[in-house]
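Q:
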Amino acid sequence: MAEYEARPSTDQESAPLLRNPEDEENSNGNEPRPGLAKRLTEVVQEPLTGLTKVLLVEVLILLIIASVFIGLFAGAQHKLNLRGGGGGGGSGDQTETVTVTSTTASTIISATTTTAVSTAIRTTTDTTTTTKTATKTATKTEVKTSVSTYTTTDVRTHTVIVGPEPTGPPAPPGTPPSDTCLTPDCIVLSASILSSLDTTQDPCENFYDFANGGWISSHPIPGDKGGISNFQVVAEKNGQLLQKLLETKPKFPSQMDSYDEQLLGKLRTLYGSCMDESKLDYIGQQPLRRFVDTIKRLYRGEGTNVDFVNRQGLSNAVAFLHSRGVEALFEFSVDGDAGVDPNAMTLWFSQPSLGLPAKEYYKEQPILDTYQKVIERLLITLYDDQGLMSSEKDASLPKHAPMVIQAEQTEDSDHVWPPWPWPPWDGDDDQHRDSPKPPRDPLQRAHELAKQVVDFETEIAEATLDLDLLQQDPFGTYNPLQFNTLKAALPNINFPDYFATFTPRAFPSRVIVTYKPYPYSLSDILSKYSADVVEAYLVVRAALAYAPNLGTTTESWKAVRTLQETLGGLKKGAVGDRSEFCMKQVESALGFATGRFFVNQTFPGESKDKATKVITDIIEAFENSLTRLPWMDEESARRATEKAEALRVKVGFPMFPNTLDPRSIVNYYTLVKVHTDTFFDNMLSAASSEVYKMWQKLGKRRNLDEWEMFASTVNAYYNPPGNEIVFPAGILQPPFFSQNWPGYLSYGSFGMVAAHELTHAFDSSGRLYNQQGKLEEWWTPETSEGYQVKQDCIVRQYSCKYLLPFTSDMAYTVDDGKGGVVHVNGNLTSGENIGDTGLIQAYRAWKAQYEDSYDAGQEYLLPGLDYTREQLFFISFARTWAMNNRPADAVQRVRSDPHSPNRYRTEGTVFNIPEFAKAFQCSARAKLNPPPERQCIFWS
1 MAEYEARPST
11 DQESAPLLRN
21 PEDEENSNGN
31 EPRPGLAKRL
41 TEVVQEPLTG
51 LTKVLLVEVL
61 ILLIIASVFI
71 GLFAGAQHKL
81 NLRGGGGGGG
91 SGDQTETVTV
101 TSTTASTIIS
111 ATTTTAVSTA
121 IRTTTDTTTT
131 TKTATKTATK
141 TEVKTSVSTY
151 TTTDVRTHTV
161 IVGPEPTGPP
171 APPGTPPSDT
181 CLTPDCIVLS
191 ASILSSLDTT
201 QDPCENFYDF
211 ANGGWISSHP
221 IPGDKGGISN
231 FQVVAEKNGQ
241 LLQKLLETKP
251 KFPSQMDSYD
261 EQLLGKLRTL
271 YGSCMDESKL
281 DYIGQQPLRR
291 FVDTIKRLYR
301 GEGTNVDFVN
311 RQGLSNAVAF
321 LHSRGVEALF
331 EFSVDGDAGV
341 DPNAMTLWFS
351 QPSLGLPAKE
361 YYKEQPILDT
371 YQKVIERLLI
381 TLYDDQGLMS
391 SEKDASLPKH
401 APMVIQAEQT
411 EDSDHVWPPW
421 PWPPWDGDDD
431 QHRDSPKPPR
441 DPLQRAHELA
451 KQVVDFETEI
461 AEATLDLDLL
471 QQDPFGTYNP
481 LQFNTLKAAL
491 PNINFPDYFA
501 TFTPRAFPSR
511 VIVTYKPYPY
521 SLSDILSKYS
531 ADVVEAYLVV
541 RAALAYAPNL
551 GTTTESWKAV
561 RTLQETLGGL
571 KKGAVGDRSE
581 FCMKQVESAL
591 GFATGRFFVN
601 QTFPGESKDK
611 ATKVITDIIE
621 AFENSLTRLP
631 WMDEESARRA
641 TEKAEALRVK
651 VGFPMFPNTL
661 DPRSIVNYYT
671 LVKVHTDTFF
681 DNMLSAASSE
691 VYKMWQKLGK
701 RRNLDEWEMF
711 ASTVNAYYNP
721 PGNEIVFPAG
731 ILQPPFFSQN
741 WPGYLSYGSF
751 GMVAAHELTH
761 AFDSSGRLYN
771 QQGKLEEWWT
781 PETSEGYQVK
791 QDCIVRQYSC
801 KYLLPFTSDM
811 AYTVDDGKGG
821 VVHVNGNLTS
831 GENIGDTGLI
841 QAYRAWKAQY
851 EDSYDAGQEY
861 LLPGLDYTRE
871 QLFFISFART
881 WAMNNRPADA
891 VQRVRSDPHS
901 PNRYRTEGTV
911 FNIPEFAKAF
921 QCSARAKLNP
931 PPERQCIFWS
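Residue numbers (full-length UniProt numbering): 1 to 940.
(1) Can you give me the start and stop residues for the beta strand (DSSP E) that Q482 sits inside?
(2) Mark T627 as exposed unless 16 or more other C-beta atoms lie within 10 angstroms of its C-beta, in which case mark it buried.
(3) Look at the alpha carbon of R596 and the alpha carbon of M256, and state the distance between them as a whole number of angstroms.
(4) Keeping to the same chain, check which residues put their C-beta closer than 7 angstroms to that of V910; ignore five residues upstream and five downstream.
(5) Is DSSP giving L197 helix, strand or coil here?
(6) When you compare the CB positions of I834 and T759, do they come within less than 8 angstroms of one another, or not?
(7) So, at 7 angstroms on beta carbons, what are the nonlocal neighbours of L469 in its own chain, with the 5 sequence-adjacent residues on each side left out?
(8) For W939, which residues does DSSP report across the bridge?
(9) Among all the DSSP beta bridges, which residues are the ones paired with D337?
(10) Suppose you measure from the CA of D683 to the CA of Q585; what does that come to, to the nearest Å?
(11) With which residues is Y668 paired in a DSSP beta bridge?
(12) Out of V753, T566, I725 and V674, point me to the one whose CA is closest to Y271's CA.
(13) Go to Y843, then tell me how far its beta strand (DSSP E) extends in each direction, as first and last residue.
(14) Going by beta carbon distance, what residues of the same chain come within less than 6 angstroms of S579, once the five residues before and after it are set aside?
(15) Find out if the Cβ-Cβ distance for the pair A536, L379 is shorter than 8 angstroms.
(16) Secondary structure at G227, three-state DSSP: helix, strand or coil?
(17) Taking Cβ to Cβ, would you say S323 is nearer than 8 angstroms to V753?
(18) Is the Cβ-Cβ distance between A882 and N230 less than 8 angstroms?
(19) Where DSSP assigns a beta bridge to L180, which residues make up the other side?
(20) Starting from K572, trace the alpha helix (DSSP H) both ways and give me its first and last residue.
(21) Buried or exposed: where does L660 fall if 16 or more other Cβ atoms within 10 Å of its Cβ makes it buried?
(22) Where does K296 fall in DSSP's three states?
(23) Over the uninterrupted beta strand (DSSP E) stretch that includes T813, give me the two end residues.
(24) For the candidate residues S685, K643 and L443, whose alpha-carbon lies nearest to that of residue 948?
(25) Going straight from the alpha carbon of E859 to that of D185, what length do you get?
(26) Is K608 helix, strand or coil when you go by DSSP?
(27) With respect to the beta strand (DSSP E) encompassing M883, which residues constitute its N-terminal and C-terminal limits?
(28) I'd like the span of the alpha helix (DSSP H) that includes F750, first residue to last.
(29) Would DSSP call F456 helix, strand or coil?
(30) Give me the Cα-Cα distance between L264 and E247, rounded to the nearest whole angstrom.
(31) Tell me whether residue 958 sits in a helix, a strand or coil according to DSSP, three-state version.
(32) Taking the continuous alpha helix (DSSP H) assigned at I375, which residues delimit it?
(33) Provide the residue span of the alpha helix (DSSP H) that contains V539, from first to last.
(34) Of all the options E851, L828, Y812 and F679, which has the alpha carbon lying nearest to the alpha carbon of V821?
(35) Excluding sequence positions up to five away, which residues of its chain have a Cβ less than 6 angstroms from the Cβ of A317?
(36) Determine the closest residue to L563 out of T868, L189, S712 and Y371, with distance taken between C-alpha atoms.
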């Protein structure tokens with residue numbers, strides 16, 4: 001928008017805006033000045049010009065608008081004055097009218113623009129004779145405009161208006177609080193809640209749709225995403241705040257701490273290297289090829305022959321991949337020894353992540369066909385290197401050399417499809433020139449090799465432990481072994497050389513294996529497949545991890561994107577806003593640095609104090625409930641209370657690195673090297689730094705100030721060995737939290753989050769860790785048996801086993817997009833489902849503090865919401881789980897996510913809380929008001 005200089009005020013003007021030049025020419029400075037009456041008469045009789053008419057019309061319109069608003073606000077102010085003791089005297093009936101109009105808008109600007117406007121108008125007439133009249137009108141207008149452009153990229157900018165934080169009730173301090181808050185912030189907050197509802201739904205039957213139907217209809221799924229949720233909306237909002245920081249130069253750089261300048265400089269450099277798409281496209285695939293060439297050089301050793309698996313080469317190649325954060329064949333991690341000393345950092349050996357999100361996908365042929373084609377494209381592309389494609393007689397692979405960019409080479413390698421020549425195996429070198437063996441078609445060879453890689457990975461998937469056992473059985477996944485035992489089980493890896501890559505403080509003599517059969521199975525699989533298949537598998541693992549960091553015009557990026565589109569149901573060819581992607585990459589690489597700036601801008605001390613109070617209130621409510629549980633004996637209740645009291649509560653931001661000290665963060669990221677021209681290498685450097693720091697913990701004591709999340713993360717967690725619950729500042733934002741919200745909203749939303757994490761300490765796996773975080777069965781056998789009955793009930797409820805007392809109308813399934821459904825895995829999700837039962841503790845905590853909170857003016861009602869505080873508590877809870885996602889994304893979550901789909905996290909939770917049905921006065925036959933024998937009530 002163009003900027004204009006302000007016109008001087010009228011008392012500074014040296015001449016009138018409108019004048020007649022002829023009058024000036026004929027005027028005489030000695031003539032007497034006409035009187036005021038005469039001048040007015042001349043003005044009135046003067047014909048109106050077109051411009052004058054336009055100005056008069058505009059003035060008239062402005063006067064009308066001003067008079068309307070003056071009347072509205074005068075009425076509102078008059079009512080406020082009466083509430084505060086002001087107003088005029090007099091006797092008899094007095095009547096006042098307050099009209100409140102609120103409008104919320106949510107706009108998504110993209111190739112499709114949707115604008116939804118919801119306006120709620122409430123007019124209330126109060127008289128001293130207690131007569132009340134209420135009229136409520138709700139209007140919702142939705143306009144959709146589609147604009148098609150000729151492009152292969154769907155760029156979307158998502159702008160979300162979240163209801164601002166109310167400043168509390170309007171009553172002045174020292175006077176009784178008003179029941180209803182009528183400040184502008186309260187009105188907008190009320191409108192945001194109203195706009196999320198779908199009042200055509202019965203809350204006793206479809207509570208999720210009732211609480212979130214409006215939100216879902218106003219939040220279409222972006223083409224580049226599998227879904228959108230309130231968590232993602234808040235994360236995007238947090239990212240946009242940080243993005244503005246990185247794209248705007250500080251107004252007073254001299255006032256910034258020198259270490260803050262270093263942090264901001266590194267953040268901006270990394271962000272800028274990601275945003276320079278032209279340069280990334282120009283560079284092409286060379287960075288990934290160099291990375292892959294190093295893997296192959298290490299794997300093959302001194303020659304190019306890949307006829308057999310070289311133990312030394314395999315060890316070096318896998319170590320190199322792991323050092324850059326790429327999981328392949330197996331995974332090492334460093335964490336506390338839960339069975340002996342939870343604070344003694346010990347080495348853990350586990351199965352790796354897979355190329356597909358879950359084992360079930362390896363049994364679906366259409367998915368495997370797509371996966372194989374993606375691998376084939378990656379292999380053809382990444383093996384197109386003239387140095388590597390030389391004959392075996394040339395003996396050695398090229399060393400890792402600095403990149404030289406040549407436009408001709410980039411154009412040839414990146415835009416000619418398929419590239420030529422292709423891999424050297426079975427090629428025409430001097431040794432085979434006279435062989436009668438016919439030359440192979442390289443494309444056919446790529447096809448065969450891709451199929452073998454899929455077969456290889458399928459066998460690895462079958463050898464891994466199911467996720468429900470891996471995540472829900474802490475005793476079964478705790479298998480301490482002497483390291484020599486692991487070496488014997490997996491002789492294919494030279495572990496001394498492998499460890500040398502990470503330079504740990506000492507060679508580990510002991511390791512904890514999560515699944516004992518896996519290393520034996522992996523050894524057998526490696527022995528079955530040829531060396532070129534194993535090498536290709538390692539190359540593919542590298543490409544899947546790092547191809548997204550290439551330019552979007554490269555073949556590797558496109559191949560990986562095809563897989564993402566298939567698994568997530570993304571719109572083909574749709575690409576999201578580049579800045580959103582780059583902010584995610586910056587946060588993943590330098591998250592503690594972004595967290596410092598985020599906290600400085602968004603997290604005042606009052607927020608931390610109120611959030612901590614909500615948490616401690618819930619812990620107290622939980623402790624009080626333990627004595628009332630029929631399945632828990634007195635001894636177990638006493639020890640459970642001790643564990644709850646021993647919980648370390650962390651709110652806001654980590655102290656290592658110290659968020660309040662920029663020097664601490666600068667030192668933490670010393671090993672991360674960034675440059676404006678090397679985004680791919682920047683991300684490699686960040687991953688390498690994190691892996692190095694992990695290995696340096698081995699053999700040390702746990703750092704109690706460390707966090708597993710960044711301050712800007714929209715999430716929370718419970719750490720069993722550390723016996724701690726952690727709430728980053730990122731989640732302490734609307735619609736989860738506001739320091740100025742009324743209590744029933746705060747406890748319903750953030751209270752749910754806090755109660756969920758607290759209850760994790762006593763869920764199906766968390767309950768097996770004592771107050772020191774040590775893995776042991778500290779409950780009495782009788783209490784454990786009683787708990788197991790409750791746990792089995794939850795598993796049956798979410799697994800939809802159709803066994804009494806459950807029926808098919810409670811089937812927890814998601815649409816697979818192919819005319820079928822996929823059932824929720826109640827075993828996989830049992831821990832999270834039990835965590836969700838903690839909502840009742842948040843409800844009790846709110847009730848316990850209600851009177852004090854009400855007296856303090858913190859339980860005020862919001863205008864236009866004709867619901868009780870109890871109902872709004874549950875509505876606030878349900879709104880946090882608002883989500884709109886595609887069938888493919890829903891299926892992927894059901895198969896790989898230990899959390900149930902958000903619909904069932906909402907309705908499955910209130911199904912087991914009688915207070916919900918009472919609040920909404922549900923009939924005895926309502927779906928969400930089941931008889932007691934059908935409910936799974938843990939914390940009665």
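All residues carry an ideal CB built from backbone N, CA and C; glycine is no exception.
A: The answer reads as follows:
(1) Mapped onto the sequence shown, residue 482 falls at position 482. Run containing Q482: N479 to Q482, per the beta strand (DSSP E) assignment.
(2) For the purposes of this step, residue 627 is taken as the residue at position 627 of the sequence shown. T627 is exposed by the Cβ-count criterion.
(3) Locating residue 596 in the sequence shown gives position 596, counting from the first residue. Locating residue 256 in the sequence shown gives position 256, counting from the first residue. The alpha-carbon atoms of R596 and M256 are separated by roughly 13 angstroms.
(4) Residue mapping note: residue 910 aligns to position 910 of the sequence shown, counting from 1. Once the five neighbours on either side are set aside, the close Cβ partners of V910 are F207, F874, F916 and L928.
(5) Locating residue 197 in the sequence shown gives position 197, where the first residue counts as 1. Here L197 sits in coil by DSSP.
(6) Residue mapping note: residue 834 aligns to position 834 of the sequence shown, counting from 1. Residue mapping note: residue 759 aligns to position 759 of the sequence shown, counting from 1. The answer is yes: Cβ separation under 8 angstroms.
(7) Taking the sequence shown and counting its residues from 1, one reaches residue 469 at position 469. Same-chain partners within the cutoff: G476.
(8) On the sequence shown, position 939 is the one that residue 939 refers to. BP columns for W939 are empty, so no partner.
(9) As a first step, residue 337 is located in the sequence shown; it is residue number 337 there, counting from the start. DSSP output for D337 lists D341 as bridge partner(s).
(10) For the purposes of this step, residue 683 is identified with residue 683 of the sequence shown, where counting begins at 1. For the purposes of this step, residue 585 is identified with residue 585 of the sequence shown, where counting begins at 1. It should be noted that the sequence gives Met, not Asp, for residue 683. Distance between the alpha carbons of M683 and Q585: 8 angstroms.
(11) Within the sequence shown, residue 668 is the residue found at index 668, counting from 1. Partner(s): none; Y668 has no beta bridge.
(12) By 1-based counting over the sequence shown, the position of residue 271 is 271. Among V753, T566, I725 and V674, the Cα nearest to that of Y271 belongs to V674.
(13) Indexing the sequence shown from 1 puts residue 843 at position 843. First-last for Y843: L839 to A848, but that is the alpha helix (DSSP H), not the beta strand (DSSP E).
(14) Counting from 1 along the sequence shown, the entry for residue 579 is found at position 579. Contacts found: Q243.
(15) Within the sequence shown, the letter at position 536 stands for residue 536. Within the sequence shown, the letter at position 379 stands for residue 379. The answer is yes: Cβ separation under 8 angstroms.
(16) On the sequence shown, residue 227 is found 227 positions in, with the first residue counted as 1. G227 falls in the strand class under three-state DSSP.
(17) Translated into positions along the sequence shown, residue 323 becomes position 323. Translated into positions along the sequence shown, residue 753 becomes position 753. For S323 and V753, no; Cβs fall outside 8 angstroms.
(18) Position 882 of the sequence shown, counting from 1, holds the residue named residue 882. Position 230 of the sequence shown, counting from 1, holds the residue named residue 230. Yes; because the gap between Cβ atoms is below 8 angstroms, this pair is in contact.
(19) To locate residue 180, count along the sequence shown from 1; it is residue 180. Note on identity: in this sequence residue 180 is Thr, with Leu being the wrong assignment. BP columns for T180 point to L861.
(20) Position 572 of the sequence shown, counted from the first residue, corresponds to residue 572. It is not in any alpha helix (DSSP H) - K572 carries neither H nor E in the DSSP assignment.
(21) Translated into the one-based positions of the sequence shown, residue 660 becomes position 660. Exposed, by the Cβ-count rule.
(22) Residue mapping note: residue 296 aligns to position 296 of the sequence shown, counting from 1. If DSSP states are grouped into helix, strand and coil, K296 belongs with the helices.
(23) Residue 813 sits at position 813 when you count from the first residue of the sequence shown. Taken as a continuous stretch (DSSP letters only), the beta strand (DSSP E) holding T813 covers T813 to D815.
(24) The shown model of the chain, from 1 to 940, leaves out residue 948, and the question about it has no answer.
(25) Indexing the sequence shown from 1 puts residue 859 at position 859. Indexing the sequence shown from 1 puts residue 185 at position 185. When rounded, the distance between both Cα atoms is 15 angstroms.
(26) As a first step, residue 608 must be located in the sequence shown, where it is residue number 608. K608: helix per DSSP, three-state reduction.
(27) Counting from 1 along the sequence shown, the entry for residue 883 is found at position 883. First-last of the beta strand (DSSP E) with M883: M883 to N885.
(28) For this step, residue 750 is matched to residue 750 along the sequence shown. G743 to H760 is the extent of the alpha helix (DSSP H) around F750.
(29) Reading the sequence shown from its first residue, position 456 is the one you call residue 456. Of the three classes helix, strand and coil, the one that applies to F456 here is helix, per DSSP.
(30) If you number the sequence shown from 1, residue 264 lands on position 264. If you number the sequence shown from 1, residue 247 lands on position 247. Distance between the alpha carbons of L264 and E247 is about 11 angstroms.
(31) Any question about residue 958 goes unanswered here, given that the chain covers just 1 to 940.
(32) Along the sequence shown, one-based indexing puts residue 375 at 375. Segment Q365 to L382, the alpha helix (DSSP H) holding I375.
(33) One-based indexing of the sequence shown puts residue 539 at position 539. A531 to Y546 is the span of the alpha helix (DSSP H), which, as asked, contains V539.
(34) Residue 821 sits at position 821 when you count from the first residue of the sequence shown. Ranking the options by Cα distance to V821, first place goes to Y812.
(35) Position 317 of the sequence shown holds residue 317. Taken in chain order, the residues that qualify are I295, L298, Y299 and L538.
(36) Walking along the sequence shown from the start, residue 563 turns up at place 563. Comparing Cα-Cα distances from L563 to each of T868, L189, S712 and Y371, the minimum goes to Y371.
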